[in-house]
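One structure is given here, and the rest of the page talks about it.
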Amino acid sequence: GAFAKRYIGVDFADVRYDKMAEAAGWYGERVEDPKEITPALQRAVDSGKPALLDILVDGQANLGPPDFATAVSIWFEGVEFPQY
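According to UniProt numbering, the residues represented by the sequence shown are 1 to 84, in order.
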């Protein structure tokens, strides 16, 4: 690929991005337990607002790049979206 498997990581201070989203009128929620990702996604969808989930992860748990499509399919499994 373009980056020749040279991955870059950044450690940020503990910023409450969920609170920043709430201050802007969005739905914001911090998720610390991986088992809570899908329920949190459902709450975000149910809010009917733009949403931001601040999902805390162990920076050493997986040093490879994420497979975004797989992550999305797992996290959104069982989430019901409104029909427009």
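From the three backbone atoms N, C-alpha and C, an ideal C-beta is built for every residue, glycine too. Bear in mind that the values here come from a model prediction, so they are computed numbers and not experimental data.
- Taking a C-beta distance under 8 Å as the contact criterion, residue 47 and residue 27 qualify as a contact pair.
- Assignment of residue 54 by DSSP, reduced to helix, strand and coil, places it in the strand class.
- With a beta-carbon spacing of about 5 Å, residue 40 and residue 53 fall inside the 8 Å limit used to define contacts.
- Burial check for residue 71: the Cβ neighbour count within 10 Å stays below 16, so the residue is exposed.
- Sixteen is the threshold: when 16 or more other Cβ atoms of the shown chains lie within 10 Å of the Cβ of residue 44, as they do, the residue is buried.
- Look at residue 72 here: in three-state DSSP terms it is helix.
- Residue 36 carries a helical assignment under DSSP once its states are collapsed to helix, strand and coil.
- Taken through DSSP and simplified to helix, strand or coil, residue 31 comes out as strand.
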